[in-house]
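Visitor:
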Amino acid sequence: MRLALIIEYDGTAYRGFQFQQNGPSIQEQLEKSITALTGEKVRIKAAGRTDAGVHALGQVVAFDTAATHAPDTVLRAVNHRLPDDIAVRAAYRVDDRFDPRRHALSRIYRYTILTGTAPAPLRRRTSTLIRDDLDVALMDEGAKMLIGVHDFARFGGPLEPEGASTVREVFSSGMAAIDDTIVFNVEGNAFLPHQVRRMIGALVDVGRGAMTIENLGQMIDGKETGATSRSLPPQGLCLIKVTYAEFPPKVGE
782 MRLALIIEYD GTAYRGFQFQ QNGPSIQEQL EKSITALTGE KVRIKAAGRT DAGVHALGQV
842 VAFDTAATHA PDTVLRAVNH RLPDDIAVRA AYRVDDRFDP RRHALSRIYR YTILTGTAPA
902 PLRRRTSTLI RDDLDVALMD EGAKMLIGVH DFARFGGPLE PEGASTVREV FSSGMAAIDD
962 TIVFNVEGNA FLPHQVRRMI GALVDVGRGA MTIENLGQMI DGKETGATSR SLPPQGLCLI
1022 KVTYAEFPPK VGE
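Have a look at this one:
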């Protein structure tokens, strides 16, 4: 049978979601815990590969097993063997054709910025401190410009395979400020490597006056302007949710 899990993790101690030869990964920890339960060598598939230091509240993974444990049993047993910074939030039995990456309709990410001059130790792992004064209204105007179908090559890292399409669709994008915190929420069908961190990097430059809103628009349109987007640090980024047409199952299904 095929099981799908919704995973939450603090990515601080890991080299990213995907298995790495040079350090610990979320995938490695999950597979070890599942193997300890089922006695099988499993390979999980995920909705997306978060980078080193990036967090998730709603990552989705799936794997096949010959074991017959109920989903609730899998949840408890896998969590028992996982480190404290990774947890299974929900477990479901799904159709054998379910693919968490190919069947995803959208991914929702959030980037959190802490403003001010003093560090915040309790939030240092989940936000990025920006000491400059930021024009949040102008940043929100720039964020709205990202909505739609665009070639985001100016905002993405190297792709595999080389030459793959860099066209993506952003469904919603916006900034919100609450006290000393600025949040960038963005939803798209998919994202290029580093795309969200580079988009917020460009928006921060707009907010601090280092880039004009016109330059940002030209970057989105793929025009050569001399403007570049820098990638903000990973700890402020979190994969909030992955949406599907028929997952998670409704109660009773």
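Per my numbering, numbering of the sequence shown is gapless, rising by one per residue and ending at 1034.
Where is the CB? At the ideal position from N, CA and C, for every residue including glycine.
#1: With a 10 Å radius around its C-beta and 16 neighbouring C-beta atoms as the bar for buried, classify GLU995 as buried or exposed.
#2: What does DSSP give as the partner residues of MET956 in its beta bridges?
#3: Go ahead and pull the three-state DSSP assignment for ALA945.
#4: Look up GLY839 in the DSSP assignment and say whether it is helix, strand or coil.
#5: Between the C-alpha atoms of GLU968 and VAL977, what's the straight-line distance to the nearest angstrom?
#6: Which residues in the same chain as ALA899 place their Cβ atom closer than 7 Å to its Cβ, once the five residues preceding and following it in sequence are excluded?
#7: Under three-state DSSP, which class holds GLY804?
#8: Within 10 angstroms of the Cβ of GLN802, are there 16 or more other Cβ atoms? Answer buried if so, exposed if not.
#9: Closest to PRO902 by CA distance: which of SER946, GLN1016, PHE1028 and PRO1030 is it?
#10: Hey, is TYR892's beta-carbon within less than 7 Å of any beta-carbon in chain D?
#11: Pick helix, strand or coil for ALA885, following the three-state DSSP scheme.
#12: Where ALA785 and ILE981 are concerned, what is the direct C-alpha to C-alpha distance, given to the nearest angstrom?
#13: Could you check whether the region 843-850 touches the region 811-820, counting it as contact only if at least three pairs of C-beta atoms, one from each stretch, sit closer than 8 Å?
Guide: Taking the geometry as given:
#1: exposed
#2: PHE965
#3: coil
#4: In the structure shown, the three-state DSSP call for GLY839 is strand.
#5: 10 Å
#6: Taken in chain order, the list of residues that qualify is empty.
#7: Assignment of GLY804 by DSSP, reduced to helix, strand and coil, places it in the coil class.
#8: exposed
#9: GLN1016
#10: Absent from the structure is chain D; it holds one protein chain and no more.
#11: It is coil, neither helix nor strand.
#12: 31 Å
#13: yes
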